[in-house]
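Asks:
Residue numbers (the working numbering), protein chains in the order written: chain A, 280 to 305; chain B, 75 to 270.
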């Protein structure tokens, strides 16, 4: 995880947030 | 329409509009952004991505992973660590993080760490040749000379498309078999033709 550049954090945060939403809606 | 300037926020909106507005069922869209490395060579790196997921098909949840128990444990561990990295907390008890990480979710996540030299991989080929690459069918992906295409097939994709734009390459992937559509390519040209 430490290898993930700062610039990609926004994409990662968005992916994790949407994943939570998908799980809650499943 | 006027050509908008490139920025991260509109990039996400454009990827979402492309996938949500498509007739076909795409699993994800990624924008590989062109830049230069220390030697001045063109490199395509992660710009942004939109993961939609797989078609429900009435089973209540997305297609489960074909991965082993050990592989699932590894994926969940990485996801927990990434979640901690993002949220800032040392440990997470978040149930959503512990849900099974599907093959396409994993493929999308791993993509964030990848980059392509000009001409390398499907995105690099599309950018270097200024022409779209459309690979449809399990056999076509499995027999591709590109590692990314073969990886995609292993992770359950049936279609991978790379469409070049001014600043990079738009890649779409699907677990469905989707054949070439000029409508999609036109949409990419309109949505990703940045002014700078």
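Beta carbons: idealized from backbone N, C-alpha and C, even for Gly.
Could you spell out the range, first to last residue, of the beta strand (DSSP E) harbouring residue 210(B)?
Replies: Indexing the second chain from 1 puts residue 210(B) at position 136. First-last of the beta strand (DSSP E) with residue 210(B): 207 to 210.
Asks: Whether or not the region 93 to 100 of chain B and the region 204 to 220 of chain B are in contact is what I'm after, with contact meaning three or more pairs of Cβ atoms, one per stretch, closer than 8 Å; do they touch?
Replies: no
Asks: Please report whether the beta-carbon of residue 252(B) lies at a distance below 8 Å from any beta-carbon of chain A.
Replies: One-based indexing of the second chain puts residue 252(B) at position 178. Any Cβ of chain A closer than 8 Å to the Cβ of residue 252(B) would place that residue at the interface, and such an atom is absent.
Asks: Distance, Cα to Cα, residue 302(A) vs residue 114(B)?
Replies: Within the first chain, the letter at position 23 stands for residue 302(A). Within the second chain, the letter at position 40 stands for residue 114(B). Each residue's Cα considered, the two are about 43 Å apart.
Asks: Do we get a CB-CB distance below 8 Å when we pair residue 122(B) with the residues of chain A?
Replies: For the purposes of this step, residue 122(B) is taken as the residue at position 48 of the second chain. Chain A contact via Cβ: present.
Asks: At the level of alpha carbons, what is the spacing between residue 246(B) and residue 162(B)?
Replies: Working through the second chain from its first residue, we reach residue 246(B) at position 172. Working through the second chain from its first residue, we reach residue 162(B) at position 88. Straight-line Cα distance between these residues: approximately 31 Å.
Asks: Are the CB atoms of residue 234(B) and residue 209(B) within a distance shorter than 8 Å?
Replies: Taking the first residue of the second chain as position 1, residue 209(B) is located at position 135. Taking the first residue of the second chain as position 1, residue 234(B) is located at position 160. In this structure, residue 234(B) lies closer than 8 Å to residue 209(B) by Cβ.
Asks: Could you confirm whether any beta carbon from chain A is found closer than 8 Å to the beta carbon of residue 160(B)?
Replies: Here residue 160(B) is taken as the residue at index 86 of the second chain, counted from 1. It does: the Cβ of residue 160(B) has a partner Cβ on chain A nearer than 8 Å.
Asks: In its own chain, which residues sit with a C-beta less than 7 Å from the C-beta of residue 166(B), not counting the 5 before and 5 after it?
Replies: If you number the second chain from 1, residue 166(B) lands on position 92. A caution first: residue 166(B) carries a pLDDT of 49, below 50, which makes its placement in the model unreliable, though a value can still be read off. Excluding sequence neighbours, residue 166(B) sits near 154, 157 and 158.
Asks: List the whole-angstrom C-beta distance separating residue 185(B) from residue 104(B), where the pair is believed to meet the contact cut-off of C-beta under 8 Å.
Replies: For the purposes of this step, residue 185(B) is identified with residue 111 of the second chain, where counting begins at 1. For the purposes of this step, residue 104(B) is identified with residue 30 of the second chain, where counting begins at 1. At roughly 6 Å, the Cβ-Cβ gap stays under 8 Å, so residue 185(B) and residue 104(B) are in contact.
Asks: List the residues of chain A whose Cβ lies closer than 7 Å to the Cβ of residue 173(B), in chain order.
Replies: Numbered from its first residue, the second chain carries residue 173(B) at position 99. Residues of chain A whose Cβ lies closer than 7 Å to the Cβ of residue 173(B) are, in chain order, 302.
Asks: Please report the distance separating the alpha-carbon of residue 304(A) from that of residue 192(B).
Replies: Taking the first chain and counting its residues from 1, one reaches residue 304(A) at position 25. Taking the second chain and counting its residues from 1, one reaches residue 192(B) at position 118. Cα to Cα, residue 304(A) sits roughly 40 Å from residue 192(B).
Asks: Count the other CB atoms, across all protein chains shown, that sit within 10 Å of the CB of residue 237(B); report buried if there are 16 or more and exposed otherwise.
Replies: Start at 1 with the first residue of the second chain, and residue 237(B) comes out as number 163. It counts as buried.
Asks: Looking at the unbroken alpha helix (DSSP H) that takes in residue 196(B), where does it start and where does it end?
Replies: As a working note, residue 196(B) is residue 122 in the second chain. Counting along the chain, the alpha helix (DSSP H) containing residue 196(B) begins and ends at 195 to 203.
Asks: Just to confirm, are residue 146(B) and residue 173(B) a CB contact at a threshold of 8 Å?
Replies: As a working note, residue 146(B) is residue 72 in the second chain. As a working note, residue 173(B) is residue 99 in the second chain. In this structure, residue 173(B) does not lie closer than 8 Å to residue 146(B) by Cβ.
Asks: In terms of alpha-carbon separation, which member of 116(B), 227(B) and 128(B) lies closest to residue 211(B)?
Replies: What you label residue 211(B) is simply residue 137 of the second chain in a count that begins at 1. Closest by alpha carbon: 227(B).
Asks: Can you tell me where the beta strand (DSSP E) holding residue 103(B) begins and where it ends?
Replies: Position 29 of the second chain, counting from 1, holds the residue named residue 103(B). It spans 102 to 110 - the beta strand (DSSP E) in which residue 103(B) sits, taken as one unbroken run.
Asks: According to the Cβ coordinates, are residue 160(B) and residue 126(B) closer than 8 Å?
Replies: Against the second chain, residue 160(B) aligns to sequence position 86. Against the second chain, residue 126(B) aligns to sequence position 52. Result no, Cβ atoms of residue 160(B) and residue 126(B) do not sit closer than 8 Å.
Asks: Does residue 95(B) pass the burial test, meaning 16 or more other C-beta atoms within 10 Å, or should it be called exposed?
Replies: Mapped onto the second chain, residue 95(B) falls at position 21. When all chains shown are included, residue 95(B) counts as exposed.
Asks: Name the one or two DSSP bridge partners that residue 234(B) has.
Replies: In the second chain, residue 234(B) corresponds to position 160, counting from 1. Answer is 209(B) and 247(B), bridged to residue 234(B).
Asks: Measuring straight from C-alpha to C-alpha, what distance separates residue 244(B) and residue 287(A)?
Replies: Here residue 244(B) corresponds to residue number 170 of the second chain, with the count starting at 1. Here residue 287(A) corresponds to residue number 8 of the first chain, with the count starting at 1. When the Cα atoms are used, residue 244(B) and residue 287(A) turn out to be separated by approximately 17 Å.
Asks: In terms of DSSP beta bridges, what is residue 118(B) paired with?
Replies: Residue mapping note: residue 118(B) aligns to position 44 of the second chain, counting from 1. Its beta-bridge partners are 108(B) and 190(B).
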